[in-house]
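Chains as they are written, first to last, in the UniProt record's numbering: chain A, 1 to 99; chain B, 1 to 99; chain C, 1 to 99; chain D, 1 to 99; chain E, 1 to 99. For every residue, glycine included, the Cβ atom is placed at its ideal position computed from N, Cα and C. The next block holds one structure in the form of structure tokens; read it before the comments.
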Amino acid sequence: MFLARVIGSVVSTKKDETMTGRKLLLLRPMFPDEANPAALKPGGNTIVAVDALGAGAGDLVLFCQGSSARMATGMKPLPIDAAVVGLVDTVEVLGKKAT
Amino acid sequence: MFLARVIGSVVSTKKDETMTGRKLLLLRPMFPDEANPAALKPGGNTIVAVDALGAGAGDLVLFCQGSSARMATGMKPLPIDAAVVGLVDTVEVLGKKAT
Amino acid sequence: MFLARVIGSVVSTKKDETMTGRKLLLLRPMFPDEANPAALKPGGNTIVAVDALGAGAGDLVLFCQGSSARMATGMKPLPIDAAVVGLVDTVEVLGKKAT
Amino acid sequence: MFLARVIGSVVSTKKDETMTGRKLLLLRPMFPDEANPAALKPGGNTIVAVDALGAGAGDLVLFCQGSSARMATGMKPLPIDAAVVGLVDTVEVLGKKAT
Amino acid sequence: MFLARVIGSVVSTKKDETMTGRKLLLLRPMFPDEANPAALKPGGNTIVAVDALGAGAGDLVLFCQGSSARMATGMKPLPIDAAVVGLVDTVEVLGKKAT
């Protein structure tokens, strides 16, 4: 899994019928940095993930990719390759809290 | 999933028999950019995806990759690793519409 | 899926028994380029894919990766992560033929 | 699989219910280098993996990704795409121990 | 699949119980190069793969990744995402042997 910040959302009316009513979030992956353990660095590419945990703009989340995204609760029949699987409380890097 | 612009198409007459009649689209991945939330930036690599939603040249779409592509309606037996799963109405980045 | 040019082949006598008799092709991924829609650009990494469609040196093909490669006709039990799934007739980028 | 050093951990209270009680480790991938076989080089991106082997900060581990992460003992129903599958005793590169 | 040179090995005593007795090889991916068809170029990242074919240091092998690694003979229940599936006899690039 990777850490990510929720930076936006996507609306798609015409989509695969199994995805009706699903919330699509835009995620910016965030990476810990041992050289500066107190801060997370943004990654290069954004990802669109389905969310069933109620994440909102600015939240730090944990997401998984690939077939494992369909293992998130209620997602089995969906053609999705990314899902939010946790809201992050704390990240600890080399013994320090990172935000 | 990722956002992408439809930039073309591929025709293949001799292909795996399960793919007969399938439309193959060329997709250019597009990425939101917090530094300029109103515009999407093109990614480096193009992808060929199967489409069952009627996407056309210039459309902004949502596509998924890997085994999840086979979860798109009607795609189960196909040897495909990318499928269009939604036509995008709006993308919102940091509270602004991106196009 | 991605487009690729067949640039060579691999011979392996001692291999997983399920792969006996399979043809292994070396593929160079090829990418459309909106800045020059009439030409395809070569990608950085080559891939070894199983072929059951009779592709030969110089052919432009479509290949898929991951578990989907095993969905190609006759490939189910093979430990392969890439398969040729189509021979490409034409690629159209922004309304122009690309070769 | 890849080698990685445990550099921290992630706490997530609100997460997919199947993940309750699971330990989430931050991993820095580490790569052997033939030019300097005695040392491992850190990779660019960190990964969050589930651990069931008791790995701790500073440990060198082996992790797997994708659907295979769910094959780790007890992980089948979890929406995870990375798991620690071994604690590493020794790495040998070109006949030399690497650390 | 990709080509790779065996450059070392990994020993892990405490590992997922299904992996007991498995040989873990360090692989350096190798890529053909049309500009110099007689030589293979090393890739950037090393990979740890399970081997059941008896590959040794210096051997050129073919490996597969992802869920397909578990399709290698005897690997079904293992949490592995890379396996050696062939020992390479010859690689031909643009009609020339590459080594």
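Mind checking who residue i pairs with in its DSSP beta bridge?
{"i": "ILE47 of chain C", "result": "C:LEU27"}
{"i": "ARG22 of chain B", "result": "BP columns for ARG22 of chain B are empty, so no partner."}
{"i": "GLY92 of chain E", "result": "The sequence given here has Glu at residue 92 of chain E, not Gly. DSSP, once it has assigned bridges, lists C:SER9, E:LYS97 as partnering GLU92 of chain E."}
{"i": "PRO42 of chain A", "result": "A:MET30"}
{"i": "LYS15 of chain A", "result": "B:GLY86"}
{"i": "LEU62 of chain C", "result": "C:LEU3, C:GLY86"}
Just to check my reading of the structure: residue i and residue j have Cβ atoms closer than 8 Å, yes? What is that Cβ distance to the nearest angstrom?
{"i": "SER12 of chain E", "j": "ILE80 of chain C", "result": "Actually they do not touch by this definition, with Cβ atoms about 27 Å apart."}
{"i": "VAL10 of chain D", "j": "VAL88 of chain A", "result": "6 Å"}
{"i": "GLY86 of chain B", "j": "LYS14 of chain A", "result": "7 Å"}
{"i": "GLY43 of chain B", "j": "GLU92 of chain C", "result": "Contact flag wrong, Cβ pair sits at about 20 Å."}
{"i": "LYS97 of chain E", "j": "THR90 of chain E", "result": "6 Å"}
By alpha-carbon positions, which one of the options ends up nearest to residue i?
{"i": "ARG5 of chain C", "options": "C:LYS14, C:GLU34, C:ALA39, C:LYS96", "result": "C:ALA39"}
{"i": "LEU94 of chain A", "options": "D:PHE2, D:MET1, D:LYS14, D:LEU25", "result": "D:LEU25"}
{"i": "GLY74 of chain C", "options": "C:ASP51, C:LEU27, C:ALA98", "result": "C:ASP51"}
{"i": "MET30 of chain A", "options": "A:LYS23, A:LYS41, A:PRO37", "result": "A:LYS41"}
{"i": "THR99 of chain C", "options": "C:ASN36, C:LYS23, C:ALA82", "result": "C:ASN36"}
{"i": "MET1 of chain C", "options": "B:LYS96, B:THR90, B:GLY66, B:LEU53", "result": "B:GLY66"}
{"i": "GLU34 of chain E", "options": "C:PRO32, C:LEU53, C:ASP33, C:LEU27", "result": "C:LEU27"}
{"i": "PRO32 of chain B", "options": "B:ARG70, B:MET71, B:LEU3", "result": "B:LEU3"}
Using a threshold of 7 Å, is the CB atom of residue i nearer than that to any non-hydrogen atom of the ligand ATP?
{"i": "ARG5 of chain B", "result": "The model depicted lacks the ligand ATP and carries no ligand whatsoever."}
Quiz prompt | Cβ-based contacts, 8 Å cut-off: residues of the region 68-96 of chain B near chain C | solution = ALA69, ARG70, PRO77, LEU78, PRO79, ILE80, ASP81, ALA82
Quiz item: When you check each C-beta in the region 8-40 of chain C against every C-beta of chain E, which residues fall closer than 8 Å?
Solution: GLY8, SER9, VAL10, VAL11, SER12, THR13, LYS14, LYS15, ASP16, GLU17, THR18, MET19, LEU24, LEU26, ARG28
Exercise. Spell out a yes or no on whether the region 9-23 of chain E and the region 70-88 of chain E are touching, meaning 3 or more CB-CB pairs, one atom from each, closer than 8 Å.
Key: yes
Quiz item: Any chance the region 39-48 of chain B sits against the region 57-66 of chain A, with 3 or more Cβ pairs inside 8 Å?
Solution: no
Self-check item: Near-chain C residues of the region 49-61 of chain E (beta-carbon distance less than 7 Å), N- to C-terminal order
Solution: LEU53
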